[in-house]
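Protein chains: 2
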Amino acid sequence: MPPSSPDGLTRNAGIREVARRAGVSIATVSRVFNAHSTVQQGTRERVLEEARAVGYSPSPLGRNLVRGRSDLLGVILPNTGFPLYGAVLRGIEDTIQASGMSVLLASSRDDAQIEVQAAQHLLRHAVDASIVVNSRAGRNLPTDRDLAYVHIAPEDPAVPHRVELDNVRGGELAAVELLAGGARCPAFVGAPGRESAERERGFVTSMEEAGRRVRRVPGDYSEDSGLRAGMALPADVDAVFVAGDLMAAGVLRALHQQGRRVPTDVAIVGFDDSLIAPLLYPRLSSVRQLAYDMGVAAAQLALGLIAGEPGPDVVITPELVRRESSIRVPSPRPP
Amino acid sequence: MPPSSPDGLTRNAGIREVARRAGVSIATVSRVFNAHSTVQQGTRERVLEEARAVGYSPSPLGRNLVRGRSDLLGVILPNTGFPLYGAVLRGIEDTIQASGMSVLLASSRDDAQIEVQAAQHLLRHAVDASIVVNSRAGRNLPTDRDLAYVHIAPEDPAVPHRVELDNVRGGELAAVELLAGGARCPAFVGAPGRESAERERGFVTSMEEAGRRVRRVPGDYSEDSGLRAGMALPADVDAVFVAGDLMAAGVLRALHQQGRRVPTDVAIVGFDDSLIAPLLYPRLSSVRQLAYDMGVAAAQLALGLIAGEPGPDVVITPELVRRESSIRVPSPRPP
Chain A
2 MPPSSPDGLT
12 RNAGIREVAR
22 RAGVSIATVS
32 RVFNAHSTVQ
42 QGTRERVLEE
52 ARAVGYSPSP
62 LGRNLVRGRS
72 DLLGVILPNT
82 GFPLYGAVLR
92 GIEDTIQASG
102 MSVLLASSRD
112 DAQIEVQAAQ
122 HLLRHAVDAS
132 IVVNSRAGRN
142 LPTDRDLAYV
152 HIAPEDPAVP
162 HRVELDNVRG
172 GELAAVELLA
182 GGARCPAFVG
192 APGRESAERE
202 RGFVTSMEEA
212 GRRVRRVPGD
222 YSEDSGLRAG
232 MALPADVDAV
242 FVAGDLMAAG
252 VLRALHQQGR
262 RVPTDVAIVG
272 FDDSLIAPLL
282 YPRLSSVRQL
292 AYDMGVAAAQ
302 LALGLIAGEP
312 GPDVVITPEL
322 VRRESSIRVP
332 SPRPP
Chain B
2 MPPSSPDGLT
12 RNAGIREVAR
22 RAGVSIATVS
32 RVFNAHSTVQ
42 QGTRERVLEE
52 ARAVGYSPSP
62 LGRNLVRGRS
72 DLLGVILPNT
82 GFPLYGAVLR
92 GIEDTIQASG
102 MSVLLASSRD
112 DAQIEVQAAQ
122 HLLRHAVDAS
132 IVVNSRAGRN
142 LPTDRDLAYV
152 HIAPEDPAVP
162 HRVELDNVRG
172 GELAAVELLA
182 GGARCPAFVG
192 APGRESAERE
202 RGFVTSMEEA
212 GRRVRRVPGD
222 YSEDSGLRAG
232 MALPADVDAV
242 FVAGDLMAAG
252 VLRALHQQGR
262 RVPTDVAIVG
272 FDDSLIAPLL
282 YPRLSSVRQL
292 AYDMGVAAAQ
302 LALGLIAGEP
312 GPDVVITPEL
322 VRRESSIRVP
332 SPRPP
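Protein sequence lines correspond, in order, to chains A and B. For the record, in the first sequence the residue sitting at position 63 is 64 according to this note's numbering, with numbers rising by one throughout. For the record, in the second sequence the residue sitting at position 281 is 282 according to this note's numbering, with numbers rising by one throughout.
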């Protein structure tokens, strides 16, 4: 802002008034508002009190300096375009709105190094805390002062301040749904990483308890990998749990192309319940990630950390959303 | 930041050094870094020069105060969860990354009043400029200093600094595609607002030039409204242009439920080419919004405005992405 701006003049009038009322020089008021340590605590408090009294603040940035807070909450997402992350963001925004904070956004592009750069970038903007979704860098994230990170489903399950989904429970829910529909020969289409492994564990354990052997087909969360997995499904498979909705869209397409009817011949349950699940044909049953709730929980953890009141880690229990792809009347067992 | 922190001590060492080298008091350096107008221009420049020489800056916020910039770019989206807006965000982020700026995010929830509040919030954070997607508030957005707004597809087509999609051209592309597939009885499923009206105009004009009369069925961009519109399509309709992909998903479902084959009986072209288009069954042909490109163009306009070099408004020409839902060999005309 140029020194000759009308806004600058207004501010000078304010600073003179604050200095007069606090009985200090204008330079002292300036030092207080620049958060320098050359002002004694008593003087500092008197100046801030008078500044509040006359409603003086040098500028939004200066005001934040005084409070020692930027009111910025960093959020690092792997990819801003993925619908599930949009729901996380909405949960975060709805939660911090009342506190007057704003989301400063950065992308990690699913790469630990880019994630670290994004975190450094947020540090330079003096965020009060950051929420990281699916962190790959984990404990290697840069920090200064007492800056805290809140993690949503990090790769490293031991970083502090975590919001996690109970993926094992999600796999169990899928098994129960498919068993209720009469599944005899179930399959699991998975992807690399901790989350898929946990979903698989819950699914396989429940299926084995029911005396069913689970065939595993690998994928990578992409629709294409789902299409390939669907084409590779053994002919006797009558129920499939797919570790992600996008991949489930591919499995569905493969079944259509093979003339296998869903859910009559093969029942399917996906995972995420992102916005694509109810748009697929038939509408996809899916284990809901509760991404919005995870955003809310992470924002609450972050607000607590900023206030110096750290809360406990949060584990969100998923729900099964039942739609056409798994609603099947069980046929009688062959003799 | 507490005055006794190690970080604070480091900074004090720096400020003393700057004051010594510039031949001024520590208070003067402080005043310079608080962007106050009580320091003469010559002194200010000498202080800033020495600060640069020793690499001194009081804090990220203080540094930004000095530059008169926050390096924050405000972005106001109607809804952070909608995939199309995610693509806009990616385009913005990729464009501003090199300049060291960050996105400060806010939501308007498709409401003019909430949009104004979001803009005020961004102002308080001293954003250097803001990009608003589908603005309803338009010229009523709050401003101070020379803060500029860049608009992507605003409701008011006359606000300055705009990035627009050529919706009329998009409608023409849909007509050409459906005519190439042998459309004789076309229909248009639209929604309220300027964008849908422009898409309709391009479509109807091209169809009328080809001697086809277009039946109109109203919707509201939701999948449900598309389902209702699809159920209400006259029996002789053999080609449908739908003003949004989500609504097209509903039309597709209605056709499946009626046993009308796509594209054999009815060809469909959607609009947006959001990530759901290739996931639908059959894969949906769609007029691509080029949302990423619109984000890039808006960010470039914003960077230009911040640098004092405003660029011209941008009109993006859409493309037709051809997929299964419209690929049809035209049947011979009945005699």
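The beta carbon of each residue, even a glycine, is placed where N, CA and C say it ideally should be. As the structure is a computational prediction, the values presented were derived from the model and not from experiment.
| Check | Outcome |
| --- | --- |
| Contact list for Glu224(B) against chain A, beta-carbon separation under 9 Å | Pro279 and Leu280 |
| Test: Gly43(B) CB closer than 8 Å to a CB of chain A | no |
| Residue-chain proximity (Glu325(B), chain A), Cβ-Cβ < 8 Å | no |
| Contained beta strand (DSSP E) runs [length at least 3] in the segment 231 to 290 of chain B, N- to C-terminal order | 240 to 243, 268 to 273 and 286 to 289 |
| Pair within 8 Å by beta-carbon distance, Val89(A) and Ile16(A) | no |
| Helix, strand or coil at Ala298(B) [DSSP, three-state] | helix |
| Alpha carbon of Glu209(B) to alpha carbon of Arg202(B), nearest angstrom | 10 Å |
| Backbone CA spacing between Thr96(A) and His122(B) [nearest angstrom] | 15 Å |
| Alpha helix (DSSP H) segment containing Ala130(A), residue limits | Not the alpha helix (DSSP H): Ala130(A) falls in the beta strand (DSSP E), residues Ala130 to Val134. |
| Pair within 8 Å by beta-carbon distance, Asp273(A) and Leu78(A) | no |
| Beta carbon proximity, Val104(A) to chain B, threshold 8 Å | yes |
| C-beta atoms of Ala120(A) and Arg137(A) nearer than 8 Å | no |
| Leu285(B) versus Asp314(A) - alpha carbon distance | 42 Å |
| Whole-Å CB distance - Val288(B) paired with Val316(B), under 8 Å assumed | Between Val316(B) and Val288(B) the Cβ distance is about 15 Å, and since that is not below 8 Å, they are no contact. |
| Tyr150(B) in three-state terms, based on DSSP | strand |
| Stretch pair the segment 186 to 202 of chain B + the segment 153 to 170 of chain B: three plus CB contacts closer than 8 Å | yes |
| Beta-carbon contacts of Val238(A) that lie in its chain and below 8 Å, excluding the five residues immediately before and after | Cys186, Pro187, Ala188, Arg216 and Val267 |
| Endpoints, the alpha helix (DSSP H) within which Ala176(B) is located | Asn168 to Ala181 |
| Per-residue DSSP class, three states only, for Glu116(A) | helix |
| Inter-residue CB distance, His126(B) and Ser207(B) (contact presumed, cutoff 8 Å) | Their Cβ separation, rounded to whole angstroms, is 46 Å, which puts His126(B) and Ser207(B) out of contact at 8 Å. |
| Span separating the alpha-carbon of Val160(A) from that of Leu142(A) | 11 Å |
| Minimum C-alpha distance to Asp51(A) - residue among Val76(A), Val25(A), Arg170(A) and Ala300(A) | Note that residue 51(A) is Glu in the sequence shown here, rather than Asp. Residue Val25(A) is the option with its Cα nearest to Glu51(A). |
| Distance, Gly92(B) Cα to Asp294(B) Cα | 6 Å |
| Val19(B) at chain A interface by Cβ criterion, 8 Å | no |
| Bounding residues of the beta strand (DSSP E) (the contiguous stretch that carries Ser197(B)) | Taken as a continuous stretch (DSSP letters only), Ser197(B) belongs to no beta strand (DSSP E), being part of the alpha helix (DSSP H) at Arg195 to Glu210. |
| Residue of Gly139(A), Ala184(A) and Asn168(A) minimising C-alpha distance to His162(A) | Gly139(A) |
| Unbroken beta strand (DSSP E) run spanning Arg216(A), endpoints | Arg216 to Pro219 |
| For Val190(B), three-class secondary structure by DSSP | strand |
| Below-8 Å beta-carbon distance, Ser287(B) vs any chain A residue | no |
| Rounded separation between Val151(B) and Pro311(B) - CA only | 10 Å |
| Cβ-Cβ distance between Met102(B) and Leu74(B) below 8 Å | yes |
| The alpha helix (DSSP H) enclosing Glu94(B), as first and last residue numbers | Pro84 to Ile97 |
| Cβ of Leu90(B) within 8 Å of any chain A Cβ | yes |
| Min CB distance Arg254(B) to chain A below 8 Å | yes |
| Chain-ordered chain A contacts of Gly87(B) [CB-CB under 9 Å] | Asn80, Thr81, Gly82, Phe83, Pro84, Tyr86 and Gly87 |
| Positions along the segment 219 to 252 of chain B whose CB lies within less than 7 Å of some CB in chain A | Glu224 and Ala250 |
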